[in-house]
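The working numbering applies: residue 1 is where the sequence shown begins, and numbers increase by one.
Backbone N, C-alpha and C fix where the C-beta goes; we use that ideal spot for every residue, glycine too.
In this text the structure is predicted, and so the values were computed from the model without any measurement.
Following: one structure in structure tokens, then a few remarks.
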Amino acid sequence: IYENDRVVFQNVTFYVGKVPIFWWPYLYQSLNDAFSFSISPAYLSSWGPSLLSAVTFPITEKIKGTVRLDYRVRRGAAIGFESEMNYGKDDSSYLRLKTYFIDDQNPELNQTSVPRGAIGSARYRVTVEDRTNFTSDIYGIVDITKLSDAYVMEDFYQSEFRINPVPDNVVAVTKTDPIYTLTAIARFQANGFFQQTERLPEVVLDVARTPIFGGPIFYQGETGIADLHRNFASGSGFEDYESWRIDTFHQLLYPNTYFGWLSIVPRAGFRATYYNETRDLGKTLFVPSTNPLIPDFLVPDNTPLQLDGDKTRTVFNAGVEASFKISRAWEEAQNSALGLDGLRHVIQPFTNFSWVSDPGVNPAAILQFDRVEPTTKLHPIDFPEFTTIDSIDRWTIWRLGVRNRLETRRDDSNITWFELDTYCDVNFENPYDRTPYSNLFNNIRFTPLPWASLAIDSQVPAFDKGFTEVNTTVAVQPMANLQLNVGHRYLNDNPFFQNSSLFTFGGYYRINDNWGFAVQEQYEATSGLLEQQRYAVYRDLSSWVASLGAVVRDNKGVREYGVLLTFTLKAFPKFGFDLNFDPGGAGQ
């Protein structure tokens, strides 16, 4: 042992109980927090038996580096380098670099049922993430990822892929102020196999809601200029297009409270948008959808592109928001089993009427960059919250609803015991939903006790044609050593997404001080498919904590299996080795 420096081990044998599992002739462990070492024997059916290793070491006082050396029986050898640096005032700025290269011996291996094209054996990823705080109110960001192919993240960085399957490539500088925000953005297509809306560049000035000369009337605005390019994935058959866009929006608001309880906020605004290139509808052939939930002006991307020069679109908008609250309290509502110490019911009706004039230019003639995308949620009906600038059309929409909230006291503070939000849209004219009424939405949050909660987000076609969506989550901890959660995601008759009835279940049981058990299940009822199963047993080995688990994934006919064995040394939490079926568990 070298005090305050390092520990050197020789002829090291690792035991589980009295059974020797691993042997190392030599081990080195720095006592510097920046140094760590890991060996991860791993198994995935698409990898075969594998060995993942990583050494993290200090380069300077503020820079750390990690070298990865991996070998997968079915894939071959791989090497990677990662680095992290904090800099600037109070180390508030950071730079992260991540690289990885593998000479893939079987690039055609596919763990899903989705067909793939030809993939070369030289596969890689290079990622740079940076945030630089130039001053207290000016900062810049860099987020760039270059990939060898569209599937390298899915094959070797599954945890990242599940969160962000299409990495962004953007550089931006932002100036913040209590009144305004000025942003310059450059977004580009670094990976030709993914589609991207390039901004080369875009500069936007956002002015927050601000009183004019300190008076009761407020101003809000947004102005931007952008060189836009919509580039489709290579080989998609769609035709790329581009246009300069100058957009300016200005709005006046008069928020006030009447009678001491009624909040009313009328608004009126104007927007003008210039495009130096548009689509010639006289030479465009397409058939609008008969489904009222599909906007009829969104021309299919594979329509042959016929250009028609520059156009300027102008719209006026007006509207009014209103709301008020009423409440009543019941001090006699006492029930410790339900967590009640008094009860107060707060009712808040609210309404928002929105009108947008005819834009003067057929929206189908506008090349779509910031466009309406398929979603199950209602679109914003206010500017500037409605950000899909290129999909603006005339509308007259009345959104109305009511919030019900039950409050009680707990630990000397007020908490929301039960909450229900109910709302819908009345569509006098709505280009994004041509039914007279939207679905009826109900969002429920019920937390009767600190260890029990229920959440339901639902929408049903109560008044007219529509689709049904109900998302339910229940979480309980009925005893100190047991946690359970159950979820259900239901979607039916949506024109953009497949029907689904997905059940999820998870739980953890702490058997005693030494043993624990965890389970996760995911079942899709519409296809009768048990999509994912995870099981794990945890064991406290005094100086070590071990876990043994298994996973089975069914990717619509293609099954994937994995086994997980993890050991963590309590005294050195950064020193360990594990058998790993999930690349996310090994930092990948």
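Legend entry - chain C within 8 Å of Trp451, Cβ atoms only: Going by chain labels, chain C is absent from the structure shown, which holds only one protein chain.
Inset, instruction - Would you kindly work out how many angstroms separate the C-alpha atoms of Val55 and Pro165, rounded to a whole number? - result: Taking the first residue of the sequence shown as 1, we reach residue 55 at position 55. Taking the first residue of the sequence shown as 1, we reach residue 165 at position 165. Their Cα atoms are separated by approximately 27 Å.
Legend entry - Leu252 - DSSP class collapsed to helix/strand/coil: Indexing the sequence shown from 1 puts residue 252 at position 252. In this structure, Leu252 counts as strand in the three-state DSSP scheme.
Legend entry - Spatial neighbours of Leu335 in its chain, beta-carbon cut-off 7 Å, leaving aside the 5 residues before and after: Sequence index remark: in the sequence shown, residue 335 carries index 335 (1-based). Before going on, a small fix: residue 335 reads as Asn here, not Leu. So no residue of the chain qualifies.
Inset, instruction - Specify the secondary structure class of Asp70 as computed by DSSP and reduced to three states. - result: Working through the sequence shown from its first residue, we reach residue 70 at position 70. If DSSP states are grouped into helix, strand and coil, Asp70 belongs with the strands.
Inset, instruction - Quick one: using the 10 Å Cβ neighbour count with 16 as the cut-off for buried, is Asp280 buried or exposed? - result: By one-based count along the sequence shown, residue 280 stands at place 280. Asp280 comes out exposed.
Legend entry - Cα-Cα separation, Thr145 to Phe369: As a position in the sequence shown, residue 145 is number 145, starting the count at 1. As a position in the sequence shown, residue 369 is number 369, starting the count at 1. Thr145 and Phe369: Cα-Cα distance of roughly 22 Å.
Inset, instruction - May I have the straight-line CA-CA distance separating Arg539 from Ala550, to the nearest angstrom? - result: Indexing the sequence shown from 1 puts residue 539 at position 539. Indexing the sequence shown from 1 puts residue 550 at position 550. Taking the straight line joining both Cα atoms gives about 15 Å.
Inset, instruction - Put Pro363 into one of helix, strand or coil per three-state DSSP. - result: As a working mapping, residue 363 is identified with position 363 in the sequence shown. Here Pro363 sits in helix by DSSP.
Inset, instruction - May I have the straight-line CA-CA distance separating Thr408 from Leu400, to the nearest angstrom? - result: Along the sequence shown, read from residue 1 onward, the residue named residue 408 stands at position 408. Along the sequence shown, read from residue 1 onward, the residue named residue 400 stands at position 400. Looking at the two C-alpha atoms, the distance is approximately 27 Å.
Inset, instruction - Would you mind giving the Cβ-Cβ distance between Asp433 and Asn427, rounded to the nearest angstrom? I have them listed as a contact below 8 Å. - result: Counting from one through the sequence shown, the residue named residue 433 turns up at place 433. Counting from one through the sequence shown, the residue named residue 427 turns up at place 427. Correct: roughly 6 Å between the Cβ atoms.
Inset, instruction - To the nearest angstrom, report how far apart Asp247 and Gly487 are at their CA atoms. - result: In the sequence shown, counting from the first residue as 1, residue 247 sits at position 247. In the sequence shown, counting from the first residue as 1, residue 487 sits at position 487. C-alpha separation (whole angstroms): 43 Å.
Legend entry - Straight-line gap, Leu338 to Asp464 (C-alpha atoms, nearest Å): Position 338 of the sequence shown holds residue 338. Position 464 of the sequence shown holds residue 464. If I take the Cα positions, the gap works out to 38 Å.
Inset, instruction - Could you tell me which of Val265, Val563, Phe161 and Leu52 sits nearest to Arg72, measuring between CA atoms? - result: The residue given as residue 72 occupies position 72 in the sequence shown. When each option's Cα is compared against that of Arg72, the closest is Leu52.
Inset, instruction - Take Gln105 and list the residues in its own chain whose beta-carbon comes closer than 8 Å to its own, dropping the five residues that flank it on each side. - result: Walking along the sequence shown from the start, residue 105 turns up at place 105. Correct list, in chain order: Arg74, Arg75, Gly76 and Ser121.
Inset, instruction - Indicate the three-state DSSP secondary structure (helix, strand or coil) for Gln606 in the structure shown. - result: No statement about residue 606 is possible, as the shown extent of the chain runs from 1 to 588 and does not include it.
Inset, instruction - To the nearest angstrom, report how far apart Ser413 and Ser40 are at their CA atoms. - result: As a first step, residue 413 must be located in the sequence shown, where it is residue number 413. As a first step, residue 40 must be located in the sequence shown, where it is residue number 40. One C-alpha to the other measures close to 47 Å.
Legend entry - Range of the contiguous beta strand (DSSP E) that encloses Asp411: Position 411 of the sequence shown, counted from the start, is the residue given in the question as residue 411. From DSSP, Asp411 is part of no beta strand (DSSP E); its letter is neither H nor E.
Inset, instruction - Mind checking who Trp398 pairs with in its DSSP beta bridge? - result: Here residue 398 refers to the residue found at position 398 when the sequence shown is read from its first residue. Phe353 and Val426.
Inset, instruction - Could you check which residue in Ser500, Arg403, Ala42 and Pro216 has the C-alpha nearest to that of Asn443? - result: In the sequence shown, residue 443 corresponds to position 443, counting from 1. When only C-alpha atoms are compared, the closest one is Arg403.
Inset, instruction - Spatial neighbours of Asn169 within its chain, please: CB distance less than 6 Å, with the 5 preceding and 5 following residues excluded, ordered by chain position. - result: Your numbering for residue 169 matches position 169 in the sequence shown. So the list reads Ile144, Phe188 and Ala190, once near-sequence residues are dropped.
Legend entry - C-alpha gap between Phe57 and Tyr94, whole angstroms: Within the sequence shown, residue 57 is the residue found at index 57, counting from 1. Within the sequence shown, residue 94 is the residue found at index 94, counting from 1. C-alpha separation (whole angstroms): 17 Å.
Legend entry - Length at least 3, wholly inside the region 199–264: the beta strand (DSSP E) runs in chain order: 218–231, 241–253 and 256–258
Inset, instruction - Look up Asp554 in the DSSP assignment and say whether it is helix, strand or coil. - result: Along the sequence shown, read from residue 1 onward, the residue named residue 554 stands at position 554. Note: Asp554 maps to strand in three-state DSSP.
Inset, instruction - Could you round the C-beta distance between Ser453 and Ala475 to whole angstroms and report it? I think they count as a contact, below 8 Å. - result: As a position in the sequence shown, residue 453 is number 453, starting the count at 1. As a position in the sequence shown, residue 475 is number 475, starting the count at 1. Indeed, because the Cβ distance is near 5 Å, the residues count as touching under 8 Å.
Inset, instruction - Have a look at Glu521 and Arg116 and give me their C-alpha separation to the nearest angstrom. - result: Residue mapping note: residue 521 aligns to position 521 of the sequence shown, counting from 1. Residue mapping note: residue 116 aligns to position 116 of the sequence shown, counting from 1. In a straight line, the C-alpha of Glu521 is about 28 Å away from that of Arg116.
Inset, instruction - Compute the Euclidean distance between the alpha carbons of Ala42 and Thr447, then round it to the nearest angstrom. - result: Numbered from its first residue, the sequence shown carries residue 42 at position 42. Numbered from its first residue, the sequence shown carries residue 447 at position 447. Distance between the alpha carbons of Ala42 and Thr447: 41 Å.
Legend entry - Cβ pair count under 8 Å reaching 3, the region 325–334 against the region 355–364: no
Inset, instruction - Apply the 10 Å Cβ neighbour rule to Tyr157 and answer buried if 16 or more other Cβ atoms are within range, or exposed otherwise. - result: The residue you call residue 157 lines up with position 157 of the sequence shown. So Tyr157 counts as buried.
Legend entry - For Arg162, three-class secondary structure by DSSP: One-based indexing of the sequence shown puts residue 162 at position 162. Helix at Arg162.
Inset, instruction - Count the C-beta pairs between the region 256–264 and the region 305–312 that are closer than 8 Å, then say yes if the count reaches three, no if not. - result: no
Legend entry - Presumed contact (8 Å Cβ cut-off) between Glu242 and His250, rounded CB distance: The count along the sequence shown starts at 1 and reaches residue 242 at position 242. The count along the sequence shown starts at 1 and reaches residue 250 at position 250. Glu242 to His250, Cβ: 27 Å. No contact.
Inset, instruction - Can you give me the Cβ contacts of Gly466 inside the same chain, cut-off strictly under 6 Å, excluding the 5 residues immediately before and after it? - result: Within the sequence shown, residue 466 is the residue found at index 466, counting from 1. Asn439.
Inset, instruction - Kindly indicate which residue of Gln532, Gly260 and Arg245 has the alpha-carbon position closest to the one of Glu277. - result: Within the sequence shown, residue 277 is the residue found at index 277, counting from 1. The residue with the shortest Cα to Cα distance from Glu277 is Arg245.
Inset, instruction - Inspect the beta-carbon positions of Gln306 and Leu253 and report whether they are closer than 8 Å. - result: One-based indexing of the sequence shown puts residue 306 at position 306. One-based indexing of the sequence shown puts residue 253 at position 253. No, they are not a contact pair.
Legend entry - CB-CB length for Leu391 against Arg405, believed under 8 Å: The residue given as residue 391 occupies position 391 in the sequence shown. The residue given as residue 405 occupies position 405 in the sequence shown. The question names Leu, but residue 391 in the sequence shown is Ser. Actually they do not touch by this definition, with Cβ atoms about 34 Å apart.
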